[in-house]
Every structure is written in C-alpha cells, then in structure tokens.
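Every letter in the sequence shown is one number past the one before it in the UniProt record's numbering, and letter 60, counting from 1, is 60. Heads up, the beta-carbon is just placed ideally off N, CA and C, and yes, glycines get one too. Report on the following structure.
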Amino acid sequence: STMRGQTMSLLPGQAPTKRLKLDETMKPSDYQGGVGRGAKVPMQTRADMGLHSSVPPKRGTDAMFGNAPPGYVPGRGRGATGFIGGVSRDEVDRDDDKADLGDANYDEFSGYAGSLFSNMEYDEEDKEADVVYDRVDVKMDDRRRKQREKKMREQIKELRAEKPTIQQQFADLKRELATVSNEEWEGIPEAQEHLKVKQRKPTNFTPTPDALLAGMMGGQSRSIGGAQTPLGTGTPFGFNTPMGMRTPMGLRTPMGLRTPMGIRTPGMRSPMSGISTPGMHTPMGMHTPMSGMHTPMSGMHTPMGMRTPGMHTPMGMHTPGMRTPGMRTPGYGTPGTPHTPHSSGSLNDLGEARGTVLAVKLDRIMDSVTGQTVMDPKGYLTDLNALQVQSDADISDIKKARTLLKSVITSNPKHGPGWIAAARLEEVAGKVQSARQLIAQGCRHCPNNEDVWLEAARLEKPQNAKAVLAKAVKSLPHSVRLWIDAANREQDVQAKARVLRKALEFIPNSVRLWKEAVSLEDEIEARVMLSRAVECVPHSVEMWLALAKLSSYKEAQRVLNEARKHIPTSPVIWVTAAKLEETQGNDKMVELILTRAIDSLQANGVTPDRDMWLKQAEEAEKTSFIKTCQGIVKVTIKVGVDEDVKGMKQNWVQDADAAINRNSIEVARAIYNNAVIHLKNKKGLWLRLAELETKYGTSESLDDVLQRAVQHCPHAEILWLMAAKQKWLRGDVASARRILAEAFSHSKESEAIHLAAVKLESENNEIQRSRLLLARARQQCNTPKVWMQSVQLEREQGLFQQALALCDSGLQEHPSFAKMWMIGGQIHMEKSPPELHEAAKFFERGLQKCPRSVPLWLCAVECEIRQSRFTKARSLLEKGRLRNVGADLLWAKGVEVEMLDGSERLAHHLMSKALQECPASGILWAKAIELEAKSGQNAKSVDALKKCENDAHVIVAVAKLFWRDGKNAKARKWFNRAVTLNPRLGDAWGAYLGFELHHGTQHEQREVIRKAVDAEPNTGIEWNRIAKRVSNWRCKWAVKLKRFVEEVYPTEFNSKPLLREVELLLQGEDPYEAMQAAEAGEMNEEVKEEGKEKLFDPCSSFQGARPGYVFKMGGRGLGYYRDPKQEVKEQVDAVKEEDEDKKDK
C-alpha cells in the first residue's frame, strides 16, 4: 500500500506528498540508463564524462532538461489541470469563454446560442442535410396544424369564457341604454365637469383675406403724419418725416425718430410716437416679412424702444440667428430703397411665379444636346388625346407645349412622332388647318414614316384623304397599314377589292391583305384567290384551312396533304383532316390520322403539349365533332402525365374536372373512358365515370358503365349496389335481383349487399323472401345491423313477439349494441295496451350495458314521462349527465321534464346550468329563447347568436320571432338561411313550410316542398319523433313533411285550404307531373261545362277589357280569368230587366 501511494502521488494531477529519495548504490548491477524506455545507446551524464560544474547541482526537471524557456508555464501545452505552479483550463483565455452567458442570450432549444460545430466548414452535404431537415419540419408542422389550430381555438374560447372582452362585459348595460329617456341622457354630466383644472378656452385665429391686405396696401391706411396713437391723441412728433425731415422740436431723424426717452431706434416705429404701422406689429421688435406690405421706415415696431438691428436690446436680450443686415427686403419700403407700387399684391407675384415654374419645368425636360430630346413622344401623344382646353391655364400650357414641340421638330425634322405630336396639339387647340399644314411638312420631311402619312390622312377631309393615301402608297408601296386604310376608305365593295388586289401586287406575302381580299369575294372567287394565296404564303395555316373548307372532299384531302408537307409542325392541320373524315363517316380513319399525327409531330421535333391537345378536343366538341374529340383524347391520354399509377390517376382526374368546369362533358367522358382502360381496377375512376353518366348521361350509358365496372372491380360493393339500384329504379326488379345474386358470389360476407337484397324484396312486398335473406345474412354476416333489420321487419308487420325474440337473440350476440336496446323498449311501448313497466326494465338493462348512449337515456326518460313519473325521470337524467358530460340533449330533456311537471322556475334554473355546461349548444339556446318571456326574447336571441352564430336551431328560433312579429320578409330570409346551413334538419323544413302555408304564395310553397324533398331531412328532435314512427317508414319525404306540419303547426296548416298543386306535391307526386295533372284537371272541368265560356284564356299582355273576365296573374299563369263578381252582376241585371218587362206588360 505504501508503494501504491508513492506511485499514485507521481501521476499527473496529483500533488507529491513526499519526495522520494534514490540511492545510487542500490541500483542493479546490469542497470543502464535509458534502456528501459527504448534508448539504443545508454544515456551518459556529465558526471560519467568527467565534467563537473561549480554551480550547485540542480534537482528535478531542471537538472534533467535544463532551464525552462522564457514565458514557459507548466501544463499549458497539453491543457492539463491541477499542477502546482501551472495553470488550469479554466484560466486559459479562450474565445469560447467570451460568450455572453446572460439570461437574455439563453434559448430553451439552443442554449446560449453556441454550436458544437461552429468552427467546422459548412459544405454542400451540410446544406443538403439542412434542406432535408427543413422539409421534414414543414411536413410535420402541416400534419399537426389542424390539431394545433383546434387547440388554440379552444384555448381562446376558454380564455374568453374566463375573461370576457369589454364589449361582452358591458353588453347587458348597452342593451339597457335603450330604455334611457332623452331627459336622463341630457342629465348625464360631462366627464370634465368634476375636474378641478379649468378647461382652457379655445383660441380661434381667423386668417386675413388677401383682398383686405391688398386694400390696406393700396392706400386705405393712413400715412405716418396722420397716424393715431392707441389713446387717440395726435403725436407732437407725428409729422411725416420719412427720410429725415426736421420736426418742430428741431429733432433730425435721419433713420427714424428720436424718442423722449433718448433711445435711438434706427429704422423702427415707436408706439410712443403715435405712429401706426399698417403691417405686422411685433411687440419684441421681431419682424415678420409679408410679401407686398409697405413699411415707410423700416417695418419694425418696438413698444419699448429696443434697439433691434440685430435683435440686440438695451435690456440684454439677444436673439441669435435673427440678424438681418439693413433689414431690407424686396418689396418693402425702406430707407434708401425705392418704393414699389402698392397696387400689385402677392397674388400677381404668385401668378408670375407659377409661369416661371412652368417654364423651368419645360426647360428641364429638354436636353442640352442639339437635335435630341429626353421627352417620350408616344406618352405625350397619349396625353394629347385626353387633353381638353377648359381654362386660360390650359391655353398657357398649350403655348408652352407648342414652343417645346417646335424646338423638337426644328432640331430633329426627321423625327416622325414630333410632327404627329405638334399636329395633334394644334388639333386640340382647335386649329385644324395649322395641324394639317404641320403634318404636311412632316410628310415632306419623313416620307418613309407610315405613321405620319396615316396621321395626315386622318386630319384631312374625306375627299382629300384618298389623295394623301395615294401619295403615301407611292412613297411606301410595301406598307400594309397604308393599303388597309386606303381600302377601308372606299365605300364601294368593288373599289375596295380593287385596292386590295393592287396591294397584293406589291405585297403578295401579306396574310392580312389576303384575308381582307378573300373576305370580299364570293365562294368561287374566294377559292381561286386562296389557291393563289397558299402559293404566295405557303406557311400560313389559316390560308390552307380556308381553302380546304371551300373544297370538295377529295380536293380537301389533297389540300391538307400539301399543307402538311409545307407546315409539318402544325397539329391543327391533322385535326382538320380528322374532322374531314368524320364528316364522311370514316370513324376508323379519325383515330388512324390522329395516331399518325403524334408520330409525325414527334419526328419533326414538336414537343407534345397536353393542354394544347385537350384544347383542340374541346374545340372539336363545341363544333360537334365528337369522334374527333374522343380520338384526340385517346391518342394523347398518356402524353404529359406521370409514369407512376398514382400520379397518372391524379392527372387524369384533374383534367376531367377542369373539362367539366368548362362544360366540356364529352372530353371528360373520353378521359374517364380511356383512363379505366389503362387502370381497370381503380374503383375511384369507375365511380367518377358513373357519377358523370348520372348527371349528364342516359340510363343506358350508366348501365353500360356499371356493368363494365363490376366486371373489373368485382369486390367493390358500392358498384354492385349502384348497378342494382339503377335497374330497380327503372322497374327491372329481375335484373336487380340478378345483379345482387352475382354480387353474392363475389362477396358472401358483405353486409351492404345482403341488406340491399332485403330492401329490394321488402320494397316489393316480398316479405317471405326478405325473411329468408335475413336468415341467411345472420348466418353469413352476423353483424348488429343485420339483426336490427330482422327485428324491424317483424316490427313493421306487427309481429311483436317474434320481433322481441329476435331482439333477445341479437342482444346475446351483440350486447353492447345500443340501438337494439332502444328498439326492444319501443316495441314494448308500441304494444296495445303499452307495456310501459316492461319497457322501463328493458331500458334499464340496456343502460347497464351501454351507459354512454345518449339516445338510450332519452328513450328511458320518455318512458318514465309517459308514466308521469317525473321524479324517476329526473333521477335518470341526473345519472345520464354524470355519465355523459356535455350532452346537451339530456339538459334539454331535463328542461322539458320540468315544464311538463309545471315547475317553470326550476326549468329556468336548470336552463341556466345547462348553458353554463354547454355554452355552444344551439339546441339549448333555441330552447332558452322559447322559455324566455316575450319581452326578453329579442335580447336572448342576440346572446344566442353571439355564442352560436351559424347554428341552424338558433336561426330557426330567431326566424320564429320575426314570424311572430309579422316581419315576413325577414322571417323568410332567416328560414332560408337555416335550411341552407343544415339542409338535413327536419325541424327547420317543417317550420319553413308552416310559415309559407300561412303567409307565402303558391310558388314559394312549391319551392319549399321541392327543396325539402331534395334535401331528405333526417335529423331534428321533433322531426325524428314523427318521421320515425313505424307508420311513416315507407312514406315519401313529402308525405312525412305534411304529417309533421299537421302535428306541430296545425293552426297554420288549417288556416286556409291548400291549393291543388301544393296538395298533390304533399302527397308525394312528382312536381312536374303534379303541375300537369293540375292543368289537366282544370281543362277537364272546362270541357265538362258545356255551353259555357272558357274559364281561362292565356295572354301575354293586356288586350283590352272583356266583359265577364278579369286580367291577372293566377294559378294557371297570366291571362283573362272568368270573374264571378261580374257574373253575379249580370244575373242581377238580367233579373231587373225581366221585372221591368213584366211591369211594362
């Protein structure tokens, strides 16, 4: 242990506790220095070589290695710590230790902004890694965004509930302001009335008009000699001494007046001398220069006689920066300065300054280089077109512009736009003749500028314009614009054609000229000209296509072949050839030509463009070339799409959707038909194609698609069901059975197919077939829904015992199926007489198995209510709310129980607790509005809308308030909004129809019924109670709606008799068939009335009065209706005439 302690004491970092003594006499006999650590030659010392020094021997490392170099610190080189006399790593002055370790520089993720790899080189691999990590972060952020935003919204909602906003806190007080009277409002004190600090009176400054100042300068003010002192006494020194005239007291005032106080104020006016200045009074001697004011002496006023040549006063006041040597300014009357006329004020100066500024601006835009300008002539021409002379200022601007443009055309006469701008300026100024002269000079200087010639023709009179254009085409015979303008000025078609033919002699390669010339000829001449045109402009696709259009079939083929040779890169020529074949009925050639087109274009280096081909297909569809459209899509179906299956499908679906949006149905149908050929097992493509055929196709095309779909996707249940349903809707029950039987062979355990077969048989009153199918389904599927349908079938037939037996068997297989427990209890309640006690026990057993089912709790409570056991109902509701926190239906049922029990106060109390528990429940807020007193319902509805702005239940409750107050337009608007927000809410549709039956017209009633039938509502507290009765299972939606309104809104339903059309609609008839039936019924009544006149004569406008008829818009449209009042009047008149005849006789 002693040797181990000595050895450990020599390790680095350990302080030696005891110096080890070495005796040289104890060394081994064969010891050689240095051999132990690998030295080849034994180490020799100075003593071995006989060298001794008089210096005292050194010990330790100094004796072995010599003296340490200057500045040496032991341990620093290897970073060791703990050496005596050395330094530790903590003492080393490194850059890392200079970092800011304050709390402000600390980050939760990166610490103190330090990096382990900050000293390493950042290469491309690091950059690529950072890009990958950034993409991963963005992807993960997108995945968690919905949850994060939902959590944020919930936190904000909780925060608003705990700490409402100021507006929410004062909402009730703001509503109470409606009851404040005008006297109370006027009596409210102002906020500053209770402050101790008095309000500062506002100071108003009225600016002096220039007219007053100019009048004062024009001589309305009095001179110095006649000035008055503030006291109104004349001054003894008040003589007019502007330049040093001697006063009566013998005082000479060369630059002012010597005051009695002996203070000399050169150039100042003193109020003590009674001198009044018409200018600005400056109490401290400050001078405010105002243009055009006249100060006879110096213009400064010193009430205390202060010396202010540089604002130095005897009182020691000094104002640096205000020294004005001599205080002389232009326009001021000062000594030694000649006076300016006072009648010319500042307004004239401003006008002159304005002209000067305009001249400077015009000079700035001119370049100093002769013959050039930095002005944009085209922009200036645009400004001239919009210029209108409206004032003298505009005239001045025109003069300046005329000067500028004159310099332009003078310095650079070959500049055409300059001449055009100058001419248009004169035209704007109303000098048309000057404009013509200028543009004529421009034509002489710029004979090769077609714009100048066109401007000259435009400015000339019509009879002279032709001569100008004749000169123009002589100078520029190859200008297309000049020839076109010359042709357009001809009124005669033949003359116009001659001009264009002459132009083609000079410019035979102009496509525009050929188009204009051909458009004026008849078909025969046009074909001749087009034959020549394709020779002159062989690269014009339009010329070739126009020639082919005017040719026969064989000739058109030859023309298109020639066009393809001259223009091998144009796909339009190939498409036109395909259309040509389609017109002849050669459908096979269409696809062949388009296939060759793709190969030929690729061989000529044309990059296939999918969008271009789809555009050609859409144009072919619009021109009724359906085969060409389908052929284009077929040959280009894989052009420009991804290679992988997923990308390919996505591209095709996007193209088809875009085509449908552009109303190109055939293109979309062709895309889907070709897509399912390449991706036969993609169920989504088949479904989209079936949906397209359902909307835009025929029943035969839909059947064809579904038959192909089930062949390629035999395991897609929905395709089998769609195919069977289409057959059933068409009345082909046998085909529907066949399709479902075939579906069984592919999917024997499919619940949907089994139930579809059962529904098909039950709808056709094949009850025994349905039982057998259900028995087979229970053996093969054994799903809860199959058991439920088995029970419902027996329940509908009134076989309650068989239904309960099946229910018990199903619950043994699926004890947690809540709907089965509900159906069993309802069967007990539907018996005659009702077995309410057994139903309650059945529900109780179900609640033990399914405590989380809110509808099951509601059924149990309803059973207790029918037994008038309200205490038991309250107990069940309390248990249900404990098991299902936040169940608004249970709270609403509790309020209903209290109202049925006659405890209105407890109902309000329970509603308050319910709203605290479920503040965003629209059902509870709608119920709260109904519970509120009539005077407070409006305020309650405002609170409800704040909490549930877009809840259909609240919207319906508000619409009912408008209905009650007689605001029918607003009520109709809110009802429409409710059914738009939630079209499946039956309560909203029922209330809407009840309102329209009471206040609406026949058209509005018909629209509500039609929309409700299309929506197929299946939710709603009151709706489900009525619509889900066994007697209403097989009823149509219109019949369900009628029964709902009859029971919930009996007053409105029976307020007036229903119109015949509305009654037919509510019986479930087709709307259009109902209208036809109504018209047919009325026509039959008219036919039956023999010898009587027509009851209705349709007419689009009033054609005069007809005896016995009235013109109006009735149930059968606009026209003349038989008026019963006039018939009664005619009968009365006839009786009177008979009585008079009898008297005469």
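Simplified DSSP assignment, three categories, for residue i
i, result
"Thr165", "coil"
"residue 1150", "For residue 1150 there is no data in the structure shown, the boundaries of the chain being 1 and 1145."
"Glu761", "helix"
"Ser570", "coil"
"Thr403", "helix"
"Arg795", "helix"
"Ile188", "coil"
"Trp787", "helix"
"Gln1103", "coil"
"Asp172", "helix"
"Gln707", "helix"
"Asp522", "coil"
"Asn661", "helix"
"Lys960", "helix"
"Gln726", "helix"
"Asp123", "coil"
"Ala716", "coil"
"Gly886", "coil"
"His814", "coil"
"Ala68", "coil"
"Ser434", "helix"
"Trp1033", "coil"
Beta bridge counterpart(s) of residue i as assigned by DSSP
i, result
"Tyr1120", "Asp1097, Phe1111"
"Thr1019", "Leu985"
Residue nearest to residue i in terms of C-alpha spacing, selected from the options
i, options, result
"Ile1026", "Ala724, Ala617, Gln630, Asp987", "Asp987"
"Asp599", "Arg1029, Pro568, Ala840", "Pro568"
"Glu766", "Glu742, Ala734, Arg1029", "Ala734"
"Asp951", "Trp974, Val1045, Met788", "Trp974"
"residue 1150", "Ser479, Ala457, His908", "Lying outside 1 to 1145, the shown extent of the chain, residue 1150 is not represented and no answer is given."
"Ala709", "Lys695, Ala675, Asp587", "Ala675"
"Cys850", "Val1030, Ser540, Asn884", "Asn884"
"Ile671", "Leu706, Asn663, Ile632", "Ile632"
"Glu618", "Ala668, Leu594, Ile637, Val590", "Ala668"
"Gln848", "Lys146, Ile823, Gly894, Ser816", "Ser816"
Counted within 10 angstroms of its Cβ, other Cβ atoms place residue i as buried (16 or more) or exposed
i, result
"residue 1150", "Look at the range of the chain in this structure, 1 to 1145, and you will see that residue 1150 is not part of it."
"Arg881", "buried"
"His953", "buried"
"Val528", "exposed"
"His1003", "exposed"
"Leu942", "Correcting the residue identity first, residue 942 is Val in this sequence and not Leu. Flag for Val942 reads exposed."
"Gly684", "exposed"
"Ile739", "buried"
"Pro571", "buried"
"Ala500", "Sequence check: residue 500 is Leu here, not Ala. By the neighbour-count rule (16 or more Cβ atoms within 10 Å), Leu500 is buried."
"Met788", "buried"
"Lys588", "exposed"
"Tyr553", "exposed"
"Val136", "exposed"
"Met152", "exposed"
"Ser510", "buried"
"Arg778", "buried"
"Phe625", "buried"
Contact belief for residue i with residue j at Cβ below 8 Å, rounded distance in angstroms
i, j, result
"Leu772", "Leu793", "That belief does not hold up - the Cβ atoms of Leu772 and Leu793 are roughly 11 Å apart, past 8 Å."
"Ala887", "Val854", "5 Å"
"Glu427", "Leu459", "7 Å"
"Cys807", "Ala840", "That belief does not hold up - the Cβ atoms of Cys807 and Ala840 are roughly 16 Å apart, past 8 Å."
"Val590", "Gln616", "So it is not a contact: roughly 13 Å between Cβ atoms."
"Ala959", "Ala933", "No, Ala959 and Ala933 are not in contact; Cβ-Cβ is about 19 Å, not under 8 Å."
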